[in-house]
Amino acid sequence: MSSLSDNLFCFILVSFLLCVTSVKAQYHTKVTLRFMERSEIDTSKVFNAMPFPCYVQQRIIVSECTDDSLELMLPNCAVCWLNTALYSNINIYHTDSSIRSNDYSFDGQTLVVPVSAHDTITITYYYNSEDIAYNESLFFSRCLFFCQETWHSVWFTCDGMLLDTICVHFPYNAGRLTNATSFDPNDTLFVCDRSALPKDGFALLVFDTMYYYKLKLSDTPLVQLYLFRGIERSLSDGNGMILPRSVDVEVLNKIPSNTLSVILKISDFFDFRIDTLEILDGVFSIAGSLWGSAFPVSHRRSMVLFDESFWNSYDWVHEIIHCYHTCLPDRGDSSFFFFHESMTEFLAVYFASCDSADVNRIFKSKQKMYRRTKDPFSSVFQITSNSLTSKGGGSFGAVYVKTPYCLYRLAEKVGKEEFFRLLNLFFTTVREKGEYSFVDFENFMLSNGVPADVWKNFKRSLYMKSMRKIDKLFNN
Ligand SMILES: [Zn+2]
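Residue numbers (this note's numbering): 276 to 751.
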């Protein structure tokens, strides 16, 4: 039983706690990224004279603080880039001083700076988005600079930090895909106001146009491809300079002829339009695994990047689906990976395949692959972060192999046409509603004619680790 005084006490306690947290520390920060022209690059300061070394300046205005030092970290540092290889010449200045402070510590991960209230701290450093361990044969991945705030951020942050503005200066020769807005007529200065960004935050992809072939697939929606041209060594140059390949026909040949029609089919299926879709390929490898990523730039604009080998399979379709399959359970919901990745993977096979024989062949290979995979999870619902270990472990087996396979078996049982009709209806309904979970999906399927025993077996299959047992469930 609760009384008014209990409630009042709670209210006072809660307000007090909120008060304490908000007063503890408040830092406003402005980040400036300045990509340098090649002529400006000082090789003694930057690891290699590669395109797009970035000069980062971060100004932190301290309005309130109770601690005497500020602990700063790089959030979401992607595994492909070594933290310790990111910086050279960290410089720190305090309020009204042009004198560099030596009073700080940096262990490659955490930067600790002494701080006092009403101080302004300016941190500057050079940043290369590339792993210096890349060998020469991977030179071409160096013509890219990638930053997605939720995936790999290039600036420091800490609790109580509010990012106000991100200002990006580009060199003239750089191609860029970003959600910052152009500020000057030459398109070399982009600024974005933190409050105007989508929930995934700031996104930026800078690439060297010299290495890319630009191909527009459609005007409405605008589908723009940036295709990596490959490299060749210049024979006339004694140093064997690495140059973009000049044969455009090979670049065009890697694109499946049905690329645009697949994109339009996906858009129809989700009943969601994107005005601008920009797709860039390249050579993307993390510890031997090839990767791709899709990220929203604004409500009706998306960027996709993936390894160029993705064009050879249905993997490119997987990344495109991410752009349209944007209404998802919350990240903390146990069904996040089921919908976000497994469902996407399942749909990708169907959208990329010309006929059911193709679909069957791909799922047959998933069936075989799962037998070779080490899957430490009892189900996809257990997974809280996506990972792939070198021996095929991590979440890979449950997320990309087994669960899509179970969805495939369910679809075959219900009937492909009918299952896709239901999925389309479900995703259209939840887009209007805005949120859902696996329970909503289950209720929807059961109340729309999926037999209870079929659904029960599907659910059981998601918790099984033996392909033989999974097949037995569906064969009955
Ligand atoms: Zn994915």
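Cβ coordinates follow ideal geometry from the N, Cα and C atoms, glycine included. All values reported here derive from a predicted model rather than from experimental measurement.
Any non-hydrogen atom of ligand 1 within 7 Å of residue i CB
{"i": "THR619", "result": "yes"}
{"i": "GLU616", "result": "yes"}
{"i": "HIS303", "result": "no"}
{"i": "ARG600", "result": "First, the amino acid is wrong: residue 600 is His here, not Arg. Incorrect: HIS600 has no Cβ contact closer than 7 Å to ligand 1."}
{"i": "HIS597", "result": "yes"}
{"i": "HIS593", "result": "yes"}
Extent of the continuous beta strand (DSSP E) to which residue i belongs
{"i": "GLN333", "result": "329-340"}
{"i": "VAL302", "result": "Looking at the sequence provided, one finds Tyr at residue 302 rather than Val. Segment 300-310, the beta strand (DSSP E) holding TYR302."}
{"i": "PHE578", "result": "Checking the sequence shown, residue 578 turns out to be Met, not Phe. That run of the beta strand (DSSP E) goes 576-582."}
{"i": "LEU555", "result": "551-557"}
{"i": "LYS466", "result": "As written in the sequence, residue 466 is Val, which differs from the Lys given in the question. Its beta strand (DSSP E) spans residues 464-468."}
{"i": "LYS489", "result": "487-493"}
{"i": "ILE398", "result": "395-402"}
{"i": "GLN752", "result": "Outside the displayed range of the chain (276 to 751) lies residue 752, so it cannot be described from this structure."}
{"i": "ALA392", "result": "Where ALA392 is concerned, there is no enclosing beta strand (DSSP E), given that its DSSP letter is neither H nor E."}
{"i": "PHE503", "result": "497-503"}
{"i": "THR440", "result": "436-444"}
{"i": "ASP483", "result": "478-483"}
{"i": "VAL572", "result": "567-573"}
{"i": "ALA727", "result": "Counting along the chain, ALA727 falls outside any beta strand (DSSP E), though it belongs to the alpha helix (DSSP H) covering 727-737."}
Cβ-Cβ separation, residue j to residue i (assumed contact under 8 Å), whole Å
{"i": "LEU737", "j": "SER654", "result": "5 Å"}
{"i": "CYS418", "j": "PHE482", "result": "6 Å"}
{"i": "PHE621", "j": "TYR683", "result": "6 Å"}
{"i": "VAL387", "j": "GLU346", "result": "5 Å"}
{"i": "ARG504", "j": "TYR486", "result": "6 Å"}
{"i": "HIS369", "j": "ASP394", "result": "6 Å"}
{"i": "VAL676", "j": "TYR645", "result": "5 Å"}
{"i": "TRP586", "j": "ASP556", "result": "7 Å"}
{"i": "LEU308", "j": "VAL429", "result": "7 Å"}
{"i": "PHE652", "j": "SER628", "result": "Contact flag wrong, Cβ pair sits at about 27 Å."}
{"i": "SER376", "j": "ILE367", "result": "5 Å"}
First through last residue of the alpha helix (DSSP H) which encompasses residue i
{"i": "TYR683", "result": "678-689"}
{"i": "TYR625", "result": "619-627"}
{"i": "MET644", "result": "631-647"}
{"i": "THR534", "result": "534-545"}
{"i": "SER722", "result": "713-722"}
{"i": "ARG451", "result": "No alpha helix (DSSP H) holds ARG451; the beta strand (DSSP E) holding it covers 449-453."}
{"i": "GLU346", "result": "No alpha helix (DSSP H) contains GLU346, which is instead part of the beta strand (DSSP E) from 344-348."}
Beta-carbon proximity of residue i to residue j, cut-off 8 Å
{"i": "ARG696", "j": "PHE547", "result": "no"}
{"i": "ASP605", "j": "PHE612", "result": "no"}
{"i": "VAL537", "j": "SER617", "result": "no"}
{"i": "PHE310", "j": "PHE445", "result": "yes"}
{"i": "GLY390", "j": "ILE398", "result": "Looking at the sequence shown, residue 390 is not Gly but Val. Cβ atoms of VAL390 and ILE398: not closer than 8 Å."}
{"i": "LEU497", "j": "LEU452", "result": "no"}
{"i": "LEU565", "j": "SER584", "result": "yes"}
{"i": "ARG520", "j": "ILE541", "result": "no"}
{"i": "LYS305", "j": "THR440", "result": "yes"}
{"i": "ASN448", "j": "ALA478", "result": "no"}
{"i": "TYR401", "j": "PRO328", "result": "yes"}
{"i": "THR534", "j": "PRO571", "result": "no"}
{"i": "ALA569", "j": "GLU553", "result": "no"}
{"i": "ASN732", "j": "PHE749", "result": "yes"}
{"i": "TYR501", "j": "ASP523", "result": "no"}
{"i": "VAL689", "j": "VAL634", "result": "no"}
Heavy atom of ligand 3 within 7 Å of residue i beta-carbon
{"i": "THR307", "result": "For ligand 3, the structure offers nothing, since it holds only ligand 1."}
Test: residue i CB closer than 8 Å to a CB of chain D
{"i": "PHE431", "result": "Among the protein chains of the structure shown there is no chain D, as only one such chain exists."}
### Query
Between the region 521-534 and the region 462-479, are three or more C-beta pairs nearer than 8 Å?
The answer is no - the region 462-479 does not touch the region 521-534, with fewer than three Cβ pairs under 8 Å.
### Message
Quick check: the region 698-712 against the region 636-645, are at least 3 beta-carbon pairs closer than 8 Å?
### Response
no
### Query
Within the chosen definition, does the region 298-311 reach the region 435-450 through at least 3 CB pairs nearer than 8 Å?
These segments touch.
### Task
Spell out a yes or no on whether the region 684-695 and the region 566-581 are touching, meaning 3 or more CB-CB pairs, one atom from each, closer than 8 Å.
no
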